[in-house]
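Protein chains in written order, with the working numbering: chain H, 1 to 130; chain P, 131 to 260.
Ideal placement from N, C-alpha and C gives every residue a C-beta, glycine not left out.
Comments concern the structure below.
2 protein chains.
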Amino acid sequence: MLLMLDLATYNTGEPVRLRDVAKRQQISEKYLEQIISLLNKAGFVRSIRGPQGGYMLKNPPEQYTVGMILRQTEGSLAPVVYDDANSNEREFVTARIWTQLEEAINNVVDHITLKDMLEWQEEQINQYII
Amino acid sequence: MLLMLDLATYNTGEPVRLRDVAKRQQISEKYLEQIISLLNKAGFVRSIRGPQGGYMLKNPPEQYTVGMILRQTEGSLAPVVYDDANSNEREFVTARIWTQLEEAINNVVDHITLKDMLEWQEEQINQYII
DNA sequence: CTGTATTCCTATTTGTACAGTAGGATAACT
DNA sequence: AGTTATCCTACTGTACAAATAGGAATACAG
Chain H
1 MLLMLDLATY NTGEPVRLRD VAKRQQISEK YLEQIISLLN KAGFVRSIRG
51 PQGGYMLKNP PEQYTVGMIL RQTEGSLAPV VYDDANSNER EFVTARIWTQ
101 LEEAINNVVD HITLKDMLEW QEEQINQYII
Chain P
131 MLLMLDLATY NTGEPVRLRD VAKRQQISEK YLEQIISLLN KAGFVRSIRG
181 PQGGYMLKNP PEQYTVGMIL RQTEGSLAPV VYDDANSNER EFVTARIWTQ
231 LEEAINNVVD HITLKDMLEW QEEQINQYII
């Protein structure tokens, strides 16, 4: 999440190196490699190898929802993965709760875009200027 | 959760033994002991020791929300525990997302009561009669 | 065409929260 | 007194995300 927000923040047309993201977000570069690999395979970013390489968002920030990103990087967003093989009388009632929760969660994350987050970041910075 | 639902289902005025709950819900009795201990300390159930002992709901099922129960048995319901000590510029934006998620989750679980779950259980049983 | 910077790939380790196990102490009913 | 159940606390197992590690592949720059 912080990775994509960082790419959105530095979305100037020039590729962004993971080393720089790692430094800014205080996350290990090696760990970022694994996250971005998922985002790359999902087609969310464009990668450029070699010197002056790095990553860029493929689309403008308003086209990425938090849900899209989290589903790639964290798998399903359900608090409990509902396993149909185990669907029996006993779990029917709890399954209904998990479904409602999943809907509520998706409803939140699918309505927040990277652009929203950029704006929040702006607000926060303005706070300090006062 | 299944434990409280079981107590609600067999809420006849007679105490319910953990051994029976364990058999019905296919959960180890020893594990149930630890869960019910939390619910007991929270004042949700009444315990009766010795032969013919067991547990009973202290209040009628409509007075227990899923949220109340889960908060006792699973701690905070937030997907990420927001640590004020780590609250810095970097995490401000993500914290805002977690807050929205937490609100959405609470809104779901605080509006489902054990009574609702009992009714769902009924519906499910009726399904098979047709 | 060679050196270097960067992404790319895969295997391993670590941390941690939840689930489950274990053994015995305490209380109360018959 | 003996049995049945709760009560208490410590330990073990497990699954998953977070993090680490080492090196292969690619492409730019000189």
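- Taking C-beta atoms as the reference points, Ile242 (chain P) and Met131 (chain P) fail to come closer than 8 Å.
- Unbroken beta strand (DSSP E) runs of no fewer than 3 residues, entirely contained in the region 41–113 of chain H, are found at 45–48, 54–57, following chain order.
- For the 8 Å CB-CB criterion, Gln251 (chain P) and Thr142 (chain P) do not form a contact.
- In the DSSP assignment, Arg154 (chain P) falls within the unbroken alpha helix (DSSP H) covering 148–155.
- Inclusion of Tyr185 (chain P) and Val146 (chain P) in the CB contact set at 8 Å is warranted, their separation being smaller than that value.
- Judged by DSSP in its simplified three-state form, Thr9 (chain H) adopts helix.
- When only Cα atoms are considered, Ala172 (chain P) and Pro61 (chain H) end up about 46 Å apart.
- Interface with chain H (8 Å Cβ-Cβ cutoff): Thr224 (chain P) is included.
- At a cut-off of 8 Å between beta carbons, Met4 (chain H) makes no contact with chain P.
- Sequence-distant Cβ neighbours of Arg176 (chain P) in its own chain, meaning closer than 6 Å and more than five residues away, are Met186, Lys188.
- Scanning P:Gln254, P:Phe222, P:Asn170, P:Leu133 for the CA closest to the CA of Ala152 (chain P) turns up P:Leu133.
- Contact annotation: Gln25 (chain H) and Asp6 (chain H) have beta-carbon atoms nearer than 8 Å.
- Contacts with chain H at 8 Å (Cβ-Cβ) include Val238 (chain P).
- By the CB criterion at 8 Å, Leu39 (chain H) and Gln72 (chain H) fall inside the cutoff.
- Counting only Cβ-Cβ distances below 7 Å, Val66 (chain H) has contacts in chain P at Ile227, in chain order.
- At least one beta carbon of chain H lies nearer than 8 Å to the beta carbon of Ile242 (chain P).
- Going by C-alpha positions, Glu74 (chain H) is about 13 Å away from Val109 (chain H).
- Only residues of its own chain outside the window of five on either side were considered, and among them Leu18, Arg19, Ala22 have a CB closer than 6 Å to the CB of Glu29 (chain H), listed in chain order.
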